[in-house]
Amino acid sequence: MSIKRNARHSIVEDVPIPRPLLATAKFDSPWEQTKWEKSLPRNDRVPYNLAAAASQKQQGGLSRSFSLSTRRVQRPAPASRPQTNPPELQVWEEIRTPTLLTPFQSPTLSEKEPITPIKNAALSPTHINSRVSSRTQHSRNSSMQDVYEKAKARGVALHRKYWVRVLFEYTIYLLLILFVYFVLIGMPLWKGAVWWLYWVVANKFVIQGGYAITIGLAALYAFLPLLILFEKDPPQKDEMSEVDLEKNVENAKNTALLIPCYKSANIIGPTLKAALEIFPPENIFVIANGNSETPLDNTEEVCQPYGVNHLWVPIGSKIVAQFAGCYAAKGFENVLLIDDDCALPPNFPIVSDRLKDKVKCIGYTIKSVGPNSSKGTYCQQAQDLEYKMSGLQRAFFGKLGSATFPHGAISIWNTDFLKQTFHEHPGFSVSEDWFFGDSCRRLGGRITMCSSVFVETETPSSVFFSGSGSRGGFGEMTIFSQRFKRWNFFFVVGMYYDMKYILTSWKLGWWEIGAKLCVFQEVYETLIYLLAPFMLPIAFIVRPGFCGMLLGVTIGMYIINVILFNEIHLRLKKERIDWIVLIFYYTFYKIALTFINVFSCYWSLYKYARYFAKRHPKVIEDQQAIEVVLSLEQDTDSDFEEITLPLASQGVESTRASKRLTLTRVEPDHQQPRWLLIDETTTSHPPNSWDKRMSWV
2 MSIKRNARHS
12 IVEDVPIPRP
22 LLATAKFDSP
32 WEQTKWEKSL
42 PRNDRVPYNL
52 AAAASQKQQG
62 GLSRSFSLST
72 RRVQRPAPAS
82 RPQTNPPELQ
92 VWEEIRTPTL
102 LTPFQSPTLS
112 EKEPITPIKN
122 AALSPTHINS
132 RVSSRTQHSR
142 NSSMQDVYEK
152 AKARGVALHR
162 KYWVRVLFEY
172 TIYLLLILFV
182 YFVLIGMPLW
192 KGAVWWLYWV
202 VANKFVIQGG
212 YAITIGLAAL
222 YAFLPLLILF
232 EKDPPQKDEM
242 SEVDLEKNVE
252 NAKNTALLIP
262 CYKSANIIGP
272 TLKAALEIFP
282 PENIFVIANG
292 NSETPLDNTE
302 EVCQPYGVNH
312 LWVPIGSKIV
322 AQFAGCYAAK
332 GFENVLLIDD
342 DCALPPNFPI
352 VSDRLKDKVK
362 CIGYTIKSVG
372 PNSSKGTYCQ
382 QAQDLEYKMS
392 GLQRAFFGKL
402 GSATFPHGAI
412 SIWNTDFLKQ
422 TFHEHPGFSV
432 SEDWFFGDSC
442 RRLGGRITMC
452 SSVFVETETP
462 SSVFFSGSGS
472 RGGFGEMTIF
482 SQRFKRWNFF
492 FVVGMYYDMK
502 YILTSWKLGW
512 WEIGAKLCVF
522 QEVYETLIYL
532 LAPFMLPIAF
542 IVRPGFCGML
552 LGVTIGMYII
562 NVILFNEIHL
572 RLKKERIDWI
582 VLIFYYTFYK
592 IALTFINVFS
602 CYWSLYKYAR
612 YFAKRHPKVI
622 EDQQAIEVVL
632 SLEQDTDSDF
642 EEITLPLASQ
652 GVESTRASKR
662 LTLTRVEPDH
672 QQPRWLLIDE
682 TTTSHPPNSW
692 DKRMSWV
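So for the sequence shown, my numbering puts the first residue at 2; every next one is plus one.
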């Protein structure tokens, strides 16, 4: 009998089979393994701590269904079970932790060697989580690598040779000249559009009715926002309740502060000092950028005493810097984008809890200041009034549906949605904040406003002429340079995007009604700017007295509008503007801005020829931008292993030397130095490669 016993080999030895696992097993016939059972690893006999097993048995914590040494397993009686699917991973957890089971009652079987099941690494949740995390990271890197490969192919497709760009540019110039002569002028060949417009206004057009519609729409858009008020001021930091303070601190932990900057060493210090009152230093990312292998100034040295993160991006583009910052700030649910000259107030509310449902972006109301947070010149005070009125209008349309876009100086976004927005953004480096808003709305995201605080930003000190001085960002010292050359550049092209949105985008549901009313305001204003050089002179020639009266009525309407805003809304916020600025300066300031806006529209039509002669890729189609993100991804995943990443040339005809990417965590002087990642080029390395090195701060 013993010989027969020894000759027998059991299929499974000393392995407790949990009842829940048996209940989920799939049987076609008794003990016939299904496909998923065959895929399980073999669980052979393993040693077990006898003392531990005895202790568990005494405490009733271990009760095995049966235990076998060399006996063959007896076939159980046939049972009819419903067909079930293989157990999920959660069920496999019971293989690791024995559950309370009913012992197998058999007088012929003894439990001399109590054995616990093997702690199988293949089924261990720790290993499973590790492998899932590894595969997720690998999938993310593979996805970004796919984007990189597509960007390379797209770069080749978008590239235009030099002679093609020149031909495109001068063809546009020729078309503009032909349009002006043959369509607008026409004389002496035929009567052009301007002559016919004069004839219509003089004979058919009812000037009173036309101006009534124009002024009526203007009054509607000007006075409707006055129906709401700014939010109440948040309490000062030392007066905050424990609940509010804890909420703000918790929101700050989940939010990264991204500060793209360009040659900002002279102004970044106060910005960081104010930010550190709200955010921990590890949440702050200063993303310096410029078309240079090495930093253009000592911004990094200025950041060092504050202990914040500093990133040098060798591509001179604010939107690319923001794109890189989103991937550098890993693990943060939200990101707050601010300019390098924005000083956050100590009681700044981080309203990330409002980013829910369709709300994906929240802008903040801003105010214009002079140096050292002073009121500044009359021009800066007039801009202050203008910025605050704009903030109230955006807050109104944010409640009605969606604002057109958040101010480029400051806004808070859901991180994942912002990354999606980069996929829709056309990639223009001018008016990038406007296109952020357009992309957000087309993706189905609402833009609302937080109007409880006014965030300070320094503005140009004069309209046309300025003295010595410097500003951050693009550095314009006059409003003319700021708006004529940059802000208004896409006014005309923006009409195409606005009309495309109004006619084709419906992802916001009922919120689209308010959003489209807000967007139509931009179309309406741009049409006025384009038609003003023709309609105003003709109207004054045909009906000079009546048109002069209407012009005075229009100016008076806007003066009443700003007085109401100043005396009601700004008085409640204790932010009133001086009467001298309001009555005497602001009127002429707005007239000057109107002329700037009108002429800038026609100037931009001329400049489009050269600008669009070179095709502009989206951010995710920009090979250099993707290279920066790939480097950041590999910095995190490589655990300081050496990685070489090729840098492709700009375009397809020329090559460039490799660039330097510096990603550092700058520690305060009194702390111990930490490791620093620097991607830099050296003369001993071949071009088009990045060498990852370790340095000390």
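C-beta atoms are modelled at their ideal positions from N, C-alpha and C, and glycine is treated no differently.
Other residues of its chain near residue i: CB distance less than 7 Å, five sequence neighbours each side excluded
i	result
Glu699	Outside the displayed range of the chain (2 to 698) lies residue 699, so it cannot be described from this structure.
Leu230	His570 and Leu573
Gly446	Lys359, Lys361, Cys362 and Phe418
Beta-ladder partner(s) of residue i, from DSSP
i	result
Thr458	Cys343 and Ser369
Arg447	Val360
Leu565	Beta-bridge pairing links Leu565 to no other residue.
Ile413	Leu337 and Ile363
Ser463	Thr479
Residue environment, residue i, which counts as buried when at least 16 other CB atoms sit within 10 Å
i	result
Leu312	buried
Trp197	exposed
Tyr607	exposed
Gln237	exposed
Leu345	buried
Gln146	exposed
Gly553	exposed
Ile480	buried
Met550	exposed
Ser318	buried
Ile514	exposed
Ile561	exposed
Asp417	exposed
Gly221	It is worth fixing the name first, because residue 221 is Leu in this sequence and not Gly. When all chains shown are included, Leu221 counts as exposed.
Ala266	buried
Gly308	buried
Glu247	exposed
Host alpha helix (DSSP H) of residue i (start-end)
i	result
Thr405	Element bounds for Thr405: n/a, residue is neither H nor E.
Thr479	No alpha helix (DSSP H) contains Thr479, which DSSP labels as neither H nor E.
Val314	Taken as a continuous stretch (DSSP letters only), Val314 belongs to no alpha helix (DSSP H), being part of the beta strand (DSSP E) at Asn310 to Val314.
Glu278	Premise fails: Glu278 is in no alpha helix (DSSP H) and is neither H nor E.
Tyr182	Looking at the DSSP string, Tyr182 is not in any alpha helix (DSSP H), and its letter there is neither H nor E.
Glu232	First-last for Glu232: undefined, no H or E at that position.
Lys608	Tyr587 to Tyr612
Val500	The residue asked about is misnamed: residue 500 is Met in this sequence, not Val. Phe492 to Thr505 is the extent of the alpha helix (DSSP H) around Met500.
Val195	Ala194 to Asn204
Gln522	Trp512 to Val543
Ala325	Lys319 to Ala329
Thr300	Thr300 to Cys304
Delimiting residues of the beta strand (DSSP E) encompassing residue i
i	result
Pro261	Thr256 to Cys262
Phe286	Ile285 to Asn290
Euclidean distance between Cα positions of residue i and residue j
i	j	result
Val620	Pro427	7 Å
Arg442	Leu337	19 Å
Thr555	Glu634	56 Å
Pro674	Glu302	Confidence is the limiting factor: at Pro674 the pLDDT is only 35, short of 50, which leaves the residue's position unreliable and the question unanswerable from this model.
Thr172	Arg155	25 Å
Asn249	Arg611	48 Å
Tyr603	Asp434	22 Å
Pro282	Phe521	42 Å
Val563	Leu583	8 Å
Gly557	Ser462	26 Å
Ser293	Pro545	57 Å
Ala219	Trp512	22 Å
Ala330	Ser506	31 Å
Glu243	Phe490	47 Å
Tyr502	Asp439	8 Å
Ala614	Ile529	28 Å
Pro261	Tyr182	45 Å
Pro235	Val456	13 Å
Same chain, Cβ closer than 8 Å to residue i, neighbours up to 5 away in sequence not counted
i	result
Val202	Ile208, Met536, Ile539, Ala540 and Val543
Gln421	Leu444
Phe600	Phe485
Pro347	Gln237, Lys238, Ala275, Glu278 and Ile279
Ser391	His408
Thr527	Phe492, Val493, Gly495, Met496 and Cys602
Asn255	Phe333, Glu334, Asn335 and Ser353
Spatial neighbours of residue i in its chain, beta-carbon cut-off 6 Å, leaving aside the 5 residues before and after
i	result
Cys519	Phe398 and Thr405
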